[in-house]
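Right, one structure below, let's go through it.
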Amino acid sequence: MSTNDTDDEVRTDGSGGGIVAPDDETPTWSERKQRSQGLSRLTYEYFERSRREDQDLRQQSDYVERDVLAFPAWPHEMIRNLALTSFFVGMILFLAATLPPEMPNPANSAVTPAIILPDWYLYWSFGLLKLGPLNPDLSILGGQKLMADRTYGVLANVVVVGFVAIVPFINKGSARRPVEQPFWAAVGMSGVIFSLTIAALSIKNLIPMDSHLLFDLTFLVPIVSATITYAVLKTMREGYMFDLNRRYYRLRPPK
Amino acid sequence: MADEFIKGFAALMVGGLGWMTIAGWYRTPSFEGAQLIGELPPAETRTVFDNMAIAMMDVFFWFAVLGCLTFWVLIPLFEEARNYFSERSA
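Residue numbers (UniProt numbering), protein chains in the order written: chain A, 1 to 255; chain B, 1 to 90.
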């Protein structure tokens, strides 16, 4: 190695005519220096300390590291699964024996029931058929409606189901917890509440409330709950050391 | 803390299940009206076993309420207070 300094010489920081050309990803020395402070320093110490504790535990114990990824199916997994299965089978037997369900008379197909309702899990769709008050009267049509209320209700089903189907495509984030994306958590929360309120609207003759107030609350309560969700999650981000956790979750294995 | 949570949760679930079962027997006169909180059968028609079960229903109910209150509120509150006073005196 000659003693004269030329630009062709390999330098330890990767600058100059080095072996590996620095690209946009390579941190400069000033950037590396910045990582010795603040949150990045805290992150480094956090992982270094947990790694060191893990190493100490392994060296102190007589634990033999084996090349396995999980517990064996027999007996470990099987005993756990049997315990869970026994619990749920026992609950089914207990409830079926102590609280047998009512067996009403068979349906009479010759008589129309007084209240026509779908099964409870379809109440939300049934409620969307009752959005007639939202069907606008157009002045250019002389106060007539563009479509019948029943057509409007069916279109409302298309819009709502379409929005639910679109959400996974417009938010492709990798957030695993609501605090990571408060806005989308609020959107989801308003959807959950709306499915409940629209279900309540569908049985408005059974709800002890003024039906106009119920109609307004159907749309106001989801907005209020979304606002509350957003505010709470935005506040929680502080206490969660959000940035530190985000660095941790970046280490998640690739899909 | 996790232990206290599961103790309170177990009290809530055991008490709630027991209350729901007995209330389903004695406080559900029909499936059309009020269920689990309906009218009790009149006292003169009850046997001694019915009276025992109805007493157990209240026991289960208050076990559920007081059990989870104790483990989720009272005991943590007591621990917090004890820590606070021991830190203040130290």
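Using N, Cα and C, we set each Cβ at its ideal position, and we do this for glycine too.
Problem set entry | Neighbourhood of Lys130/A by C-beta, 8 angstroms cutoff - its chain only, sequence neighbours within 5 removed | Gly153, Leu201, Ser202 and Lys204
For this session: Compute the beta-carbon to beta-carbon distance between Gly173/A and Gln181/A, rounded to the nearest angstrom, for a pair I have assumed lies under 8 angstroms.
Result: 6 angstroms
Exercise. With C-beta atoms as the reference, is Ser195/A less than 8 angstroms away from Trp120/A?
Worked result: no
Exercise. Quick one, which residues of the segment 21-50 of chain B are near chain A if we go by CB-CB under 7 angstroms, in chain order?
Worked result: Thr21, Gly24 and Phe31
Problem set entry | Interfacial residues, the segment 86-102 of chain A to chain B, with Cβ spacing under 9 angstroms | Met91, Phe94, Leu95, Thr98, Leu99, Pro101 and Glu102
Exercise. Since Met57/B contacts Ala23/B with CB under 8 angstroms, what's their CB separation in whole angstroms?
Worked result: 6 angstroms
Exercise. Which word fits Trp19/B, buried or exposed, when buried means at least 16 other C-beta atoms lie within 10 angstroms of its C-beta?
Worked result: buried
Exercise. Excluding the five sequence neighbours on either side, which residues of its own chain have a C-beta within less than 7 angstroms of the C-beta of Val14/B, listed in chain order?
Worked result: none
Problem set entry | Chain-order list of residues whose beta-carbon lies under 8 angstroms from that of Leu220/A (same chain, five-residue window excluded) | none
For this session: Whole angstroms is fine: what's the gap from Met91/A's alpha carbon to Thr28/B's?
Result: 21 angstroms
Exercise. What's the call for Ala185/A, buried or exposed, on a 16-neighbour Cβ count within 10 Å?
Worked result: buried
Exercise. Any idea which residues DSSP pairs Lys145/A with across the strands?
Worked result: Asp137/A
For this session: Could you please give the first and the last residue of the uninterrupted alpha helix (DSSP H) stretch that includes Ile79/A?
Result: Met78 to Thr98
Problem set entry | Whole-angstrom distance between Phe163/A and Gln144/A, CA atom to CA atom | 28 angstroms
Exercise. To the nearest whole angstrom, what separates the beta carbons of Leu128/A and Asn157/A, a pair I think is in contact under 8 angstroms?
Worked result: 5 angstroms
For this session: Give every residue of the same chain whose Cβ lies closer than 6 angstroms to the Cβ of Ala175/A, excluding the five residues on either side of it in the sequence, and list them in chain order.
Result: Gln181
Exercise. Do you know how far the Cα of Ile198/A is from the Cα of Met189/A?
Worked result: 14 angstroms
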